[in-house]
Amino acid sequence: MQEESCRELFEMSGFSYSDELKSDMDEIIALINSIENFNDEGFSFTQEICPLRDDIEENPLSFSLNSEEAPDFTVKRVVKP
Amino acid sequence: MIKTLLTNLSNGDTTATALCADALKKAQNGRAFISLFAKQALQYSKALQERINKKDSAPLLGIPIAVKDNILYKDHKTTCGSEMLKDFVPSYSATALEKLLKSGANIIGKTNMDEFAMGSHSDTSVFGRVLNPYNENYSAGGSSGGSAAAVAMGAVSAALGSDTGGSVRLPASYCGVCGFRPSYGTVSRHGLVAFSSGMDTIGTLGVTPRDCARIFKVIAGVDPLDSTNNQTPKPDRKLHLKDCRVGSFLEELRPETDSDVYECVRHAADIFKNTEELSLPLSQWIVAAYYILSSAEAAANLSRYQGFRYGLSAQDPDFYDNLIKTRTVGFGKEVKRRILLGNYCLSAGYYKGYYLKARNVRAALTLKIDELLNRYDLLLLPTAPHRVPDLTKPRKFVGSYSDDKFCAVASLCGIPAVSLPVGTDKNGLPVGLSICGRRYDDYTLLSIAGQLYDALKKEGVMR
């Protein structure tokens, strides 16, 4: 992986750049890059693998949290500039 | 094991308080727990004992249970083993945990884990590495290593873990206990801190498969707070061990498996009488597909830790500097690797070559495994290819990625799988056999695992 594009990746991920992590990334990419050779003709990911509940599939807009069931998302820590 | 404890409690041979005190004493060891609720649990045990005295029939009444520290417990710290959430106190509890409480379980503490459930050895926690109860130099497995160790050292007879790519089954295998990953969609993920939402499941660890089944029965069921939790598991088909049609990947995977590990799993597999050897479909792409998909989802899920909504904050007045400083300090190396990989695979230039390919590997694998499970009741494979790793020796982190291949099959396909202890390797550490079942046929799978456990116990294989 080129250092310049790697620096962009770190920035996009919200991390300071590190040579050690860049080297780890190279090792991981070497492990996964064979997948590009997978012939995926005729296969496509469908919702059958991760189906949603029937009522949501039939009418996606019908899904909403009941306000009584909704958890209390109280923000506990806020940065004060 | 839980059954025995319930009988002892109802007969008056022990009390909920005595069980709780014993659990808390044993839980001090091995860095298995991040937090223990000693005072609260002991106090609560008295209330539970009163219910036992009144012949209350709640299914886990008075039983001490441990819960992995990525499952929210209202007003109790939930750290995910991370600096990022070291002081995070949730304002609500996970559905699975609520169900445990309603069933009369006594939650004694939160267990140690790999940071944000990313890891295979429970060694990426900010609270230190979980020690394997058999030998402290060896891996306890990850990421639910604390839950597995808590069961193995006898602190609890069952625990909750989470399993994305093997995080319940691998530590169960390394610690010599049973670990069950349910079918995706049968247990609510509401309140489970998200890693890879399409594969995350809350699983159970226990001394026996029946312990896992007992906890699963309590936590399973449709929850309106999780849109993917849409299935009720099917009733047990009451199959007998000897009548099961079994497909085995043991021979296919033999070249990748340590010989002593192979011998153990082969011996256990031979107890089934109707077994055929099969080829593992798409074998060469499983690891890549799992890491691409899980990391892509992790990158999205963990983008919420920006330093101003929850958790750690670097307190820098500049928004961008605060984000970079918080995430650089707050996340450990392994979590950073996964986020980087996820963003890399989702980036414009690589999306088609990596992410879409991985998604299609998943679709193809699921199709093929489903076809096999139409012909066979169960599929067998070793839980891990190698014997339990000695963590005092240097090792490459990508080696651990490759070792997840066997567990990743059930994860990618969303099918249930259980890891059973079936013997020991040449170092005297446990070996696990994984049994995968049909989607939503979880109770049948656990019932057969229970029968196999009994058969192995009769042979003296179980401790």
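These protein sequence lines map, in sequence, to chains G and V.
The numbering of the first sequence is the numbering used here, which starts it at 1 and goes up by one.
The numbering of the second sequence is the numbering used here, which starts it at 1001 and goes up by one.
Even for Gly, the Cβ is constructed at its ideal location relative to N, Cα and C.
As the structure is a prediction and not an experimental result, all values here were calculated from the model.
| Query | Result |
| --- | --- |
| Boundaries of the beta strand (DSSP E) in which leucine 1452 of chain V is found, first to last residue | Careful: leucine 1452 of chain V lies outside any beta strand (DSSP E), inside the alpha helix (DSSP H) at 1442–1458. |
| Beta carbon of threonine 1111 of chain V nearer than 7 angstroms to that of alanine 1066 of chain V | yes |
| Cβ contact (3+ pairs, closer than 8 angstroms) linking the segment 1048–1066 of chain V and the segment 1003–1018 of chain V | yes |
| C-alpha gap between glutamine 47 of chain G and threonine 1015 of chain V, whole angstroms | Interpretation of glutamine 47 of chain G is limited by its pLDDT of 40, a score under 50 that renders its predicted location unreliable; no figure is taken from the coordinates. |
| Within chain G, partners of arginine 1129 of chain V - CB distance below 9 angstroms | Residues of chain G passing the Cβ test: none, with the nearest at roughly 19 angstroms. |
| Span of the beta strand (DSSP E), counted from its first residue to its last, around cysteine 1178 of chain V | 1178–1181 |
| Neighbourhood of glutamate 58 of chain G by C-beta, 6 angstroms cutoff - its chain only, sequence neighbours within 5 removed | For glutamate 58 of chain G, the predicted model reports a pLDDT of 48, less than 50, meaning its position is unreliable; a value from the coordinates is still stated below. Taken in chain order, the list of residues that qualify is empty. |
| Alpha-carbon spacing of threonine 1201 of chain V relative to arginine 1181 of chain V, whole angstroms | 7 angstroms |
| Three-way DSSP call (helix, strand, coil) for valine 1361 of chain V in this model | helix |
| Opening and closing residue of the beta strand (DSSP E) in which lysine 1068 of chain V lies | 1064–1068 |
| Beta-bridge partners of aspartate 1321 of chain V, as assigned by DSSP | The partner list for aspartate 1321 of chain V (beta bridge, DSSP) is empty, contrary to what the question assumes. |
| First through last residue of the alpha helix (DSSP H) which encompasses asparagine 1274 of chain V | From DSSP, asparagine 1274 of chain V is part of no alpha helix (DSSP H); its letter is neither H nor E. |
| Residues near tyrosine 1355 of chain V by beta carbon distance below 7 angstroms, same chain, minus five either side | Ile1292, Ala1296, Cys1345, Leu1346 |
| DSSP state of lysine 1026 of chain V mapped onto helix, strand, coil | helix |
| Beta-bridge pairing of histidine 1121 of chain V - partner residues as DSSP gives them | Its beta-bridge partners do not exist; DSSP assigns none. |
| Residue-level contact to chain V via CB, glutamate 26 of chain G, 7 angstroms cutoff | Here residue 26 of chain G turns out to be aspartate, not glutamate, going by the sequence shown. Closer than 7 angstroms: no. |
| Where serine 1294 of chain V falls: helix, strand or coil (DSSP) | helix |
| Check whether threonine 1164 of chain V and serine 1294 of chain V have beta carbons under 7 angstroms apart | yes |
| Rounded straight-line distance, which links the Cα of aspartate 1211 of chain V to that of isoleucine 1002 of chain V | 6 angstroms |
| Chain-order list of residues whose beta-carbon lies under 8 angstroms from that of asparagine 1274 of chain V (same chain, five-residue window excluded) | Lys1242, Asp1243, Cys1244, Arg1245, Val1246 |
| Lysine 1396 of chain V: first and last residue of the uninterrupted beta strand (DSSP E) it sits in | Run containing lysine 1396 of chain V: none; DSSP gives neither H nor E here. |
| Beta carbon of glycine 1437 of chain V nearer than 7 angstroms to that of tyrosine 1184 of chain V | no |
| Close Cβ partners of lysine 1055 of chain V (< 7 angstroms) along its chain, the five nearest in sequence each way excluded | none |
| Minimum Cβ-Cβ distance from arginine 1304 of chain V to chain G less than 7 angstroms | no |
| Buried or exposed (CB count within 10 angstroms, at least 16 for buried), threonine 1079 of chain V | buried |
| Three-state secondary structure (DSSP) of asparagine 1106 of chain V | strand |
| Under the three-state DSSP convention, the category leucine 1006 of chain V falls into | helix |
| Chain G within 7 angstroms of tyrosine 1344 of chain V, Cβ atoms only | yes |
| Simplified DSSP state of aspartate 72 of chain G, which is helix, strand or coil | Legend: pLDDT at aspartate 72 of chain G = 42, less than 50; position of this residue unreliable, no value from coordinates given. |
| CB of aspartate 1209 of chain V within 7 angstroms of CB of leucine 1005 of chain V, strictly | Before going further, note that residue 1209 of chain V is proline rather than aspartate in the sequence given. No. Outside cutoff. |
| Cβ shell of leucine 1048 of chain V (< 8 angstroms), same chain only, five flanking positions each side left out | Ala1016, Leu1061, Gly1062, Gly1104, Asn1106 |
| Backbone CA spacing between leucine 61 of chain G and lysine 1234 of chain V [nearest angstrom] | Because the pLDDT at leucine 61 of chain G is just 39, under 50, the model does not fix this residue reliably, and the value given afterwards should be weighed accordingly. Their backbone Cα atoms lie some 29 angstroms apart in a straight line. |
| Reference histidine 1267 of chain V; option with closest CA among V/Tyr1440, V/Ala1455, V/Ser1057 | V/Ala1455 |
| Own chain partners of arginine 53 of chain G with C-beta closer than 6 angstroms, once the 5 adjacent residues on each side are dropped | Its pLDDT being 49, under 50, arginine 53 of chain G is placed unreliably by the model, and nothing is read from it. |
| Partner residues on chain V for glutamate 36 of chain G, Cβ-Cβ distance less than 8 angstroms | Gly1353, Tyr1354, Lys1357 |
| DSSP three-state assignment for cysteine 1436 of chain V, whether helix, strand or coil | strand |
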